[in-house]
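Here the structure is laid out as structure tokens; the discussion comes afterwards.
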Amino acid sequence: MARQEHDQAKSSPSAKTRRDPPRSINRLLGIFERIAEVTEVGMSLTDISVALDAPKSSLLIMLRPLVDQDYLIHKSNTYRLGPRMFQFASAILANSRFSSLVRHHMTLLRDWTDETVIYATLDLDSRRIVYEDVVEGSSLIRYVVNAGANRPAYPTASGRVLIGHAPTEWQNRYFADLQADKLTSRTITDIAGIQAAVKECRQRGVCFTDGEAIDDAAGVAAPVRDRSGEVIGVLVLGAPRERGVDRRELYERKTVDAADRLSVAIGYRPPV
Numbered sequence: 019m020a021r022q023e024h025d026q027a028k029s030s031p032s033a034k035t036r037r038d039p040p041r042s043i044n045r046l047l048g049i050f051e052r053i054a055e056v057t058e059v060g061m062s063l064t065d066i067s068v069a070l071d072a073p074k075s076s077l078l079i080m081l082r083p084l085v086d087q088d089y090l091i092h093k094s095n096t097y098r099l100g101p102r103m104f105q106f107a108s109a110i111l112a113n114s115r116f117s118s119l120v121r122h123h124m125t126l127l128r129d130w131t132d133e134t135v136i137y138a139t140l141d142l143d144s145r146r147i148v149y150e151d152v153v154e155g156s157s158l159i160r161y162v163v164n165a166g167a168n169r170p171a172y173p174t175a176s177g178r179v180l181i182g183h184a185p186t187e188w189q190n191r192y193f194a195d196l197q198a199d200k201l202t203s204r205t206i207t208d209i210a211g212i213q214a215a216v217k218e219c220r221q222r223g224v225c226f227t228d229g230e231a232i233d234d235a236a237g238v239a240a241p242v243r244d245r246s247g248e249v250i251g252v253l254v255l256g257a258p259r260e261r262g263v264d265r266r267e268l269y270e271r272k273t274v275d276a277a278d279r280l281s282v283a284i285g286y287r288p289p290v
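One gets the working numbering by counting positions in the sequence shown from 1 and adding 18 to each.
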């Protein structure tokens with residue numbers, strides 16, 4: 019039976035006092051909000067002054083650097099949103115779209131296998147794997163973990179994939195400093211053995227671990243690439259060890275398929 023893991027909920031105050039932002043922040047945000055509402059025609063300094071109930075002299079101190087930095091365009095005594103503001107908005111929309119695409123392909127893999135699926139990334143500073151999102155399988159006996167959990171990289175399928183695609187300098191420091199603990203009877207702890215496992219995962223394009231991080235759990239991980247081809251995360255399938263071993267070939271194939279589809283969906287184009 020797969021080990022079920024739950025992070026303890028952190029206590030938080032039942033209510034927090036909402037603080038009003040400084041007046042300058044209110045005015046800055048107000049400028050963007052008001053101009054965005056009439057982005058086709060723009061607003062004059064007088065219009066903005068009336069809308070925000072603020073003196074023109076104070077607004078000019080804010081508007082001039084915004085124009086200089088291309089957040090606003092000033093033409094014919096009218097202010098409109100500038101190119102940098104549209105770039106900012108596009109980045110926000112792209113991030114929102116990315117999250118929905120990741121979730122869609124996680125759900126797809128879950129539906130194909132009825133196992134728990136995770137999207138994981140590598141925190142280069144802490145050198146640990148972070149589980150960004152989780153879609154649980156529906157089987158009574160399944161792998162359970164909370165989104166936001168983190169794990170050591172070396173014994174996990176996700177970690178081995180991401181270590182293998184990390185910058186070479188970072189890898190060298192990681193292995194030079196690594197003190198691998200024996201988490202289960204199957205955990206590889208010698209550095210040469212871990213390096214060989216990482217190399218194999220990179221060469222195969224998929225990684226399988228069998229009870230190395232958690233006694234009764236198996237993991238399958240495949241890389242997710244962005245438009246430039248850089249590996250930015252992994253799709254991970256977590257399963258009870260016995261079921262994972264029995265269905266390894268199927269689970270590896272389906273995990274790679276879902277990760278490849280996600281990569282293409284976010285802009286990656288595999289070489290012909």
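The C-beta atom is built at its ideal place from N, Cα and C for all residues, glycine as well.
Look up Thr286 in the DSSP assignment and give the residues it is bridged to.
It is worth fixing the name first, because residue 286 is Tyr in this sequence and not Thr. Answer is none; Tyr286 lacks a bridge partner.
Leu253 vs Ala236 beta-carbon contact at 9 Å
no
Identify which residue in Gly285, Arg245 and Ala231 has its Cα closest to the Cα of Gly256.
The candidate whose alpha carbon is nearest that of Gly256 is Ala231.
Taking all protein chains shown into account, do 16 or more other C-beta atoms lie within 10 angstroms of the C-beta of Arg245, making it buried, or fewer, making it exposed?
Exposed, because fewer than 16 other Cβ atoms sit within 10 Å of the Cβ of Arg245.
Taking a contact to mean a Cβ-Cβ separation below 9 Å, would you say Gly100 touches Ile91 in this structure?
In this structure, Ile91 lies closer than 9 Å to Gly100 by Cβ.
Given a cut-off of 9 Å, decide if Thr134 and Gly155 are closer than it, judged by their beta-carbon atoms.
Closer than 9 Å, so yes.
Mark Ile53 as exposed unless 16 or more other C-beta atoms lie within 10 angstroms of its C-beta, in which case mark it buried.
By the neighbour-count rule (16 or more Cβ atoms within 10 Å), Ile53 is buried.
Cβ-Cβ distance between Ala194 and Ile206 below 9 Å
Note that the C-beta distance between Ala194 and Ile206 is not below 9 Å.
In this structure, does DSSP put Ala276 in helix, strand or coil?
helix
Pull up the distance between the alpha-carbon of Pro40 and that of Ile136, whole angstroms please.
Near 40 Å, if we compare the C-alpha coordinates of Ile136 and Pro40.
Decide if Gln26 is buried, meaning its Cβ has at least 16 other Cβ atoms within 10 Å, or exposed.
Annotation note: pLDDT 33 at Gln26 (below 50); position unreliable, no value reported.
Determine the direct distance from the alpha carbon of Cys225 to that of Gly285, and round the result to whole angstroms.
23 Å
Ignoring anything shorter than 3 residues, give me the beta strand (DSSP E) runs that lie fully in the segment 150–220, in order along the chain.
168–170
Please confirm whether Gly251 and Pro258 have their CB atoms less than 9 Å apart.
No, these two residues do not count as a Cβ contact at 9 Å.
What number of angstroms, rounded off, separates the C-alpha of Arg271 from the C-alpha of Arg261?
15 Å
Look up Ile147 in the DSSP assignment and give the residues it is bridged to.
Leu140 and Arg169
Here's the rule I'm using: 16 or more other beta-carbon atoms within 10 Å means buried, otherwise exposed. How should Val290 be labelled?
exposed
Do you know how far the Cα of Arg82 is from the Cα of Ser75?
11 Å
What does the alpha-carbon distance come out to for the pair Met19 and Ala171?
Confidence in Met19 is poor, its pLDDT being 45 and thus under 50, which makes the residue's placement too unreliable to answer from.
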